[in-house]
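Start counting the sequence shown at 1134; every next residue gets the next number (our numbering).
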Amino acid sequence: MTPHEFLKYTPATNCGECGHPACLAFAVAVTMGGLDPTTCPYLDPSSLPEEFRAAAGDRGGLERVEKGQDERDMALVTHLKSKVRDLDFSTLAERLGASWDATRPDSLVFDYLGRRVELGVDRVLMDGDELVDPRDQILLYNYVAYGGGRKPDNTWIGLESLPNTISKVRTLATYCENRLADRFAGRPGDLARICSLLGGQPGEGEQSGSVNMVILVLPHVPHYLLFWDEEPEDGFEAKVKVLFDHHVLDFLDVESLVFAAERLADRIAELDSGQNRAAAG
């Protein structure tokens, strides 16, 4: 049973008495994490299918879901490491916009959102420290495993123009575009300044936002960030749109591309918080 199918057994009030912020989160914990369904005080156990009536005790809930996801992520990291192990990094370097040194033949060095990455066949260092988040490792090893392709040429398209992206358009909006629009409403100058700190350059073409900046998330994976500021008197909220080079799938799959945009939003928010703390101090 899927979480959405299980929702019909809940009160759908998002009351939070089960310890989860929403009924859907509770449904995920029950169906995918083994949480005891009677954790919800308003759920009638007799109405549940046998598989859930037999459940007893808290078997992990969302923590179990997250642990399972971490295990799957690490398995994918291991798989990607095996894919890059036999690649010739010396020939890949130019195709990926990376640097290669004969004294360290099994490593590539390149920038990731303004940070220096040294990717080897067994580990990844970012600014000299070992990178432990498996999601970042998946993105970086995927970038290398793809092997590069046609270089960006400033022909920009929306995610919706790429194949099989219907569900990912909403993900991009939730984890990148809407976050940035809400955060920088009324502050286009701050957004432009932070983009510049990441090496962003003003975009060219017919785009006409309050902020138009091209930022290299990875050497050959530019993101064109367009920001239109709010206009309260006309009832317009701030809006962000992220565009990609039309050859971007030569370098990443769609899943990794959307995660790259999420990490762009994370990095911008991190730098913004740092500037706010510095100003307050």
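Note that beta-carbon positions come from the ideal geometry of N, C-alpha and C, so glycine has one too. Everything numeric in this text was worked out from a predicted model, so none of it was measured.
V1344 vs A1393 beta-carbon contact at 9 Å: no
Cβ neighbour criterion (16 or more within 10 Å) applied to G1190: Because G1190 carries a pLDDT of 46, less than 50, the predicted location of this residue cannot be relied on, and the following value inherits that uncertainty. Exposed, because fewer than 16 other Cβ atoms sit within 10 Å of the Cβ of G1190.
Confirm, please, whether the CB-CB distance from V1163 to D1418 is below 9 Å. Residue 1418 falls outside the range modelled here, since the chain spans only 1134 to 1414, and no answer is possible.
Beta-carbon spacing of D1378, N1287 below 9 Å: Less than 9 Å divides the Cβ of D1378 from the Cβ of N1287.
In whole angstroms, what is the alpha-carbon distance linking F1369 and E1263? Approximately 44 Å between the Cα atoms of the pair.
Which runs of the alpha helix (DSSP H), 4 residues or longer, sit entirely within the region 1273 to 1324? 1299 to 1305 and 1311 to 1317
Between the C-alpha atoms of T1211 and V1250, what's the straight-line distance to the nearest angstrom? Roughly 18 Å between the two C-alpha positions.
With DSSP as the reference, label F1360 as helix, strand or coil. strand
Apart from the five residues on each side of it in sequence, which residues of its chain come closer than 6 Å, Cβ to Cβ, to F1185? P1170
Roughly how many angstroms lie between the CA atoms of V1387 and H1153, to the nearest whole one? Across the structure, V1387 and H1153 are spaced so that their CA atoms are roughly 30 Å apart.
Unbroken beta strand (DSSP E) run spanning R1218, endpoints: Boundaries for R1218: no beta strand (DSSP E) harbours it, and the DSSP string shows neither H nor E there.
Check whether the Cβ atoms of P1352 and F1243 lie closer than 9 Å to each other. Contact flag set, yes.
Could you compute how far the alpha carbon of D1362 sits from the alpha carbon of F1384? When rounded, the separation of the alpha-carbon atoms in D1362 and F1384 is 31 Å.
Measuring alpha carbon to alpha carbon, tell me which residue in R1248, P1285, T1298 and R1283 is nearest D1261. Residue identity check: residue 1261 is Gly in the sequence provided, not Asp. Per the Cα distances, R1248.
Cα-Cα separation, R1320 to L1330: 16 Å
For V1217 and V1277, believed in contact at Cβ under 8 Å, the rounded distance: About 5 Å; that satisfies the 8 Å criterion.
Whole beta strand (DSSP E) runs in the region 1203 to 1267 with 3 or more residues, listed along the chain? Correct list: 1232 to 1234, 1237 to 1245, 1248 to 1253 and 1257 to 1259.
Rounded straight-line distance, which links the Cα of A1325 to that of I1401: So the two alpha carbons sit approximately 10 Å from each other.
Who are K1374's beta bridge partners in DSSP? L1359
Endpoints, the beta strand (DSSP E) within which L1351 is located: V1344 to L1351
Going by C-alpha distance, which of C1156, S1389, R1205 and D1399 is nearest T1298? S1389
Buried versus exposed, by CB contacts within 10 Å (16 or more), S1406: exposed
If distances are taken between C-alpha atoms only, which option among A1145, L1213 and C1151 comes closest to Q1270? L1213
Limits of the unbroken alpha helix (DSSP H) element including H1137: P1136 to F1139
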